[in-house]
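2 protein chains.
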Amino acid sequence: MARMGKGYSAIVLLSGGLDSSTLLYYVKRQYRPLGIVFLYGQRHDREIRSALSIAKAAGVDVKKLRLPFPETGSALLDKSVSIPSRLSKKIPPTYVPARNIVFLSLALSFAEAYGVDKIFIGVNAIDYSGYPDCRPEFVDAFNKVIRVGTKKGVEGKGVEVLAPFIHMTKAEIIKIGLSLGVPYELTWSCYRGEDLPCGTCDSCRLRARGFKEAGANDPLLSDKGLS
Amino acid sequence: MARMGKGYSAIVLLSGGLDSSTLLYYVKRQYRPLGIVFLYGQRHDREIRSALSIAKAAGVDVKKLRLPFPETGSALLDKSVSIPSRLSKKIPPTYVPARNIVFLSLALSFAEAYGVDKIFIGVNAIDYSGYPDCRPEFVDAFNKVIRVGTKKGVEGKGVEVLAPFIHMTKAEIIKIGLSLGVPYELTWSCYRGEDLPCGTCDSCRLRARGFKEAGANDPLLSDKGLS
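Chains as they are written, first to last, in our numbering: chain A, 1 to 227; chain B, 1001 to 1227.
Written out as structure tokens, the structure is:
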């Protein structure tokens, strides 16, 4: 089983965005990670190219998994639903039903099959869009599912989901990434997935605020002549 | 959203086996179900044909979802691992890593997107193979994940996973099915997926014992001249 897993000691979920890209560099200091990127019908599929570029830059193997998500229920899946241009206190229409639950479940299946006992996810519950599946109570509940619902879990040697950035600000995450040499010019955060970041969606706003608070320039924008 | 879901009031996970087929008939007395059948690389893909036949016989819409499971870690995914010919007290090699966790996660995504608030799963923790993801503690833990990790969950109007057969014997399930006219000759339980049920794998043994205890003949075997 471990042989099939090629000696990986961790799985890292990659989205092509800032948090998961930083996480990959953060994890690879200590582990031999396998990256997983999910194709789930997202309208901003440009993030997939970014995730693959980041994995390549980090020298990490990556697995692409195509998932049959519903074509409705989220502004990221259904182009007839518009993406808001300001941050809100409510869960925004860019929420994708059960996204991280599905992602972690598949990662869990591969982890258990490959003999890998750690899954890292770059969720953050400080500078975030309010998605329920980015919060500590969700990660805790999912780990309980692993303990009671998997073979390794009931044998007491289960897989564990770790979210080391969950309580950090975006600026703190960026500072870690800059110290680790994360090539942020390769990452992609904008929900709109056009040629240039829109600068107004949740994800662009959180990213811009993070770089500002970190006292750094966003190399993605510098590259595009936007800063 | 409800419009997209075509007015379904429940999702039923279908495997083509005895429990989920009985469940479909049990649920459709009270709900308008959508069946979901998963293609996950199982070697006994004959069960998929059975699931589709059962849904057709029941007059229920069915959605086929293809999932990228690992190709190792289970005798049902990897033909180089043999299927045991006797029941064991340990979790057998036919265990598929995180299978029901993945299935429920995807069903949850569709349920939330379609505005459906009940997901039925035919798991049973009495006459079963000892899989951890068939037990009440697993279903409870997954329902907790829904409450804290989905939009509808945190809004207090979340989806719920229901497993009405979880504490029943196989014979009790069969008796319910016979009373509801479930066409058991269309179902498929054998893990080996040959032309005829092998009669010796876990699943065949549990099925045979169930019919015997219910005092009934298995119409699948009668059809094949095996009883």
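For glycine and all other residues, C-beta sits at the position ideal for the given N, C-alpha and C.
Quick caveat, the model's predicted, so the values are computed rather than measured.
Kindly list the residues whose CB is nearer than 7 Å to the CB of residue i, restricted to its own chain and excluding five residues on each side of it in sequence; keep chain order.
| i | result |
| --- | --- |
| asparagine 1143/B | Glu1160, Val1161 |
| threonine 1094/B | Ser1074, Ala1075, Leu1076, Ile1083, Ser1129, Tyr1191, Asp1202 |
| arginine 205/A | Leu87 |
Could you give the distance in angstroms between the alpha-carbon of residue i and the alpha-carbon of residue j?
| i | j | result |
| --- | --- | --- |
| glutamine 1230/B | leucine 1077/B | Residue numbering for chain B in the displayed model covers 1001 to 1227; residue 1230/B lies beyond these limits and cannot be assessed. |
| leucine 13/A | leucine 1196/B | 42 Å |
| aspartate 1019/B | glycine 1149/B | 28 Å |
| arginine 1207/B | lysine 1063/B | 26 Å |
| leucine 1178/B | proline 1219/B | 11 Å |
| tyrosine 1008/B | lysine 1118/B | 10 Å |
| glutamate 112/A | phenylalanine 1069/B | 11 Å |
| valine 1182/B | cysteine 198/A | 55 Å |
| proline 132/A | phenylalanine 1138/B | 21 Å |
| valine 1145/B | glycine 1153/B | 9 Å |
| isoleucine 1126/B | tyrosine 1184/B | 20 Å |
| glycine 210/A | proline 136/A | 21 Å |
| glutamate 1071/B | glutamate 155/A | 22 Å |
| proline 33/A | glutamate 1047/B | 35 Å |
| glycine 1122/B | serine 1021/B | 8 Å |
| alanine 1141/B | arginine 66/A | 26 Å |
| asparagine 1217/B | leucine 1226/B | 10 Å |
| lysine 6/A | leucine 1180/B | 50 Å |
| arginine 1029/B | alanine 1107/B | 21 Å |
| phenylalanine 120/A | aspartate 61/A | 15 Å |
| histidine 44/A | glycine 193/A | 4 Å |
| leucine 23/A | arginine 49/A | 17 Å |
| lysine 1151/B | lysine 1079/B | 40 Å |
| glycine 1035/B | glycine 215/A | 53 Å |
From the beta carbon of residue i, is the nearest beta carbon of chain B less than 8 Å away?
| i | result |
| --- | --- |
| tyrosine 128/A | no |
| alanine 216/A | no |
| arginine 66/A | yes |
| serine 228/A | No information on residue 228/A is available, as it lies outside the stretch 1 to 227 that chain A covers here. |
| methionine 1/A | Reliability of the predicted coordinates at methionine 1/A is poor, the pLDDT of 38 falling under 50, and no value is obtained from them. |
Is it true that the CB of residue j sits closer than 8 Å to the CB of residue i?
| i | j | result |
| --- | --- | --- |
| serine 105/A | valine 1102/B | yes |
| serine 1015/B | alanine 1055/B | no |
| methionine 1168/B | asparagine 1124/B | yes |
| tyrosine 31/A | alanine 58/A | no |
| isoleucine 1176/B | tyrosine 1040/B | no |
| serine 1109/B | proline 92/A | no |
| isoleucine 174/A | phenylalanine 165/A | no |
| leucine 1186/B | serine 1088/B | no |
| serine 1189/B | glycine 1017/B | yes |
Determine the chain B residues that contact residue i at a beta-carbon separation under 7 Å, and present them in chain order.
| i | result |
| --- | --- |
| alanine 113/A | Pro1070, Thr1072, Gly1073, Pro1097 |
Excluding the 5 residues flanking residue i on each side, which residues of the same chain have their C-beta closer than 8 Å to its C-beta?
| i | result |
| --- | --- |
| alanine 2/A | Reliability fails at alanine 2/A, whose pLDDT of 39 lies under 50, so the model's placement of it is uncertain and no value is given. |
| arginine 147/A | Gly153, Val154, Gly158 |
| lysine 1090/B | Gly1130 |
| cysteine 1134/B | Asn1100, Val1123, Asn1124, Ala1125, Tyr1128, Ile1166 |
Please list, in chain order, the chain A residues whose beta carbon lies closer than 7 Å to that of residue i.
| i | result |
| --- | --- |
| glycine 1153/B | Pro132 |
Under a CB-based cut-off of 8 Å, is residue i close to chain A?
| i | result |
| --- | --- |
| valine 1012/B | no |
| leucine 1162/B | no |
| phenylalanine 1138/B | yes |
| alanine 1208/B | no |
| leucine 1105/B | Looking at the sequence provided, one finds serine at residue 1105/B rather than leucine. Taking Cβ atoms only, chain A reaches closer than 8 Å to serine 1105/B, which makes this a yes. |
Can you name the residues of chain A whose CB is closer than 8 Å to the CB of residue i?
| i | result |
| --- | --- |
| threonine 1150/B | Pro97, Ala98, Ile101, Pro132, Asp133 |
Just the chain A side, please: which residues come within less than 9 Å of residue i by C-beta, in chain order?
| i | result |
| --- | --- |
| isoleucine 1091/B | Lys151, Val154, Glu155 |
| leucine 1108/B | Pro97, Ala98, Ile101, Val102 |
Can you list, in chain order, the residues of its chain whose CB lies under 6 Å from that of residue i, leaving out five sequence neighbours each side?
| i | result |
| --- | --- |
| serine 1085/B | Thr1200 |
| glutamate 213/A | Ala171 |
| valine 81/A | Ala75, Pro93 |
| alanine 163/A | Ile121, Val123, Val139 |
Run down chain B in chain order and give the residues with a C-beta less than 8 Å from the C-beta of residue i.
| i | result |
| --- | --- |
| phenylalanine 142/A | Val1145, Gly1149 |
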